[in-house]
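Working notes for the structure below.
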Amino acid sequence: MILIMKTRTKVIIAIGSNRNQEENVLKAHEHLSCMFRNSLFGPRMWTEPIGLENSDKFLNQVMLGETICSKKSVLAALRSVEQRCGRRIRGPYRKVDVPLDLDLLLYGDEKLHESEWERDYIQSSISYLEEKDAKRDRKYLR
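For what it's worth, UniProt numbering labels the leading residue of the sequence shown as 1, then goes sequentially.
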């Protein structure tokens with residue numbers, strides 16, 4: 001069941017892939033553009049894997065958008081997109097082979113995945129998005 005809110009809520013989503021990276025990040029871009037209003041995407045950036053052995057590089061991107069759905073519904077929708085792109089929930093390769101990882105970093109005023117906020121590509125993407133969409137109030141990004 002999708003829970004609908006009366007007001008729009010700001011969201012920031014981190015996108016990452018280490019398998020068929022360009023194809024899977026493009027799929028994420030397409031899905032997220034349909035799921036969220038006023039979506040903006042930061043630049044795509046290649047990064048070394050963090051905490052993963054024998055992993056290919058990750059292609060990352062950050063999206064800023066708005067939703068009328070509850071946090072629970074947003075998280076469920078993100079998991080669904082990951083699974084459609086081949087993400088495994090269980091198994092020995094689930095942490096090494098990551099076709100698509102979608103992390104909800106911000107829902108309204110609530111910051112999630114605090115450690116990811118410290119990563120350089122997240123910070124530079126947020127700065128880019130602030131400049132790209134300067135007309136909106138972005139104080140929640142700091």
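The C-beta atom is built at its ideal place from N, Cα and C for all residues, glycine as well.
These numbers were taken from a predicted model, which means no experiment stands behind them.
Distance CB(residue i)-CB(residue j) smaller than 8 angstroms
i      : j      : result
Leu102 : Val81  : yes
Cys69  : Lys27  : no
Met45  : Tyr121 : yes
Arg8   : Thr67  : yes
Val74  : Val11  : yes
Buried/exposed call for residue i, threshold 16 Cβ in 10 Å
i      : result
Gln83  : exposed
Met127 : First, the amino acid is wrong: residue 127 is Ser here, not Met. With fewer than 16 Cβ atoms within 10 Å of its Cβ, Ser127 is classed as exposed.
Lys16  : Per the sequence shown, residue 16 should be read as Gly rather than Lys. Label assigned to Gly16: buried.
Arg19  : buried
Arg87  : buried
Ala134 : exposed
Arg142 : Because Arg142 sits at a pLDDT of 49, beneath the cut-off of 50, its placement in the model cannot be relied upon, and the point is left open.
Ser115 : exposed
Residue of the options minimising C-alpha distance to residue i
i     : options                          : result
Ile13 : Gln21, Thr7 and His31            : His31
Glu22 : Pro99, Arg119, Ser73 and Arg79   : Pro99
Lys57 : Arg119, Glu110, Asp97 and Glu118 : Asp97
Euclidean distance between Cα positions of residue i and residue j
i      : j      : result
Leu129 : His113 : 19 angstroms
Ile89  : Lys132 : 35 angstroms
CB contact below 8 angstroms: residue i versus chain C
i      : result
Ile126 : Of the chains in the structure shown, none is chain C; there is only one protein chain.
Practice prompt. Tell me, please, whether the stretch 62-78 touches the stretch 32-45 by the rule of three or more beta-carbon pairs shorter than 8 angstroms.
Written response: As far as the Cβ criterion goes, the stretch 62-78 touches the stretch 32-45, which means the pair count is three or higher.
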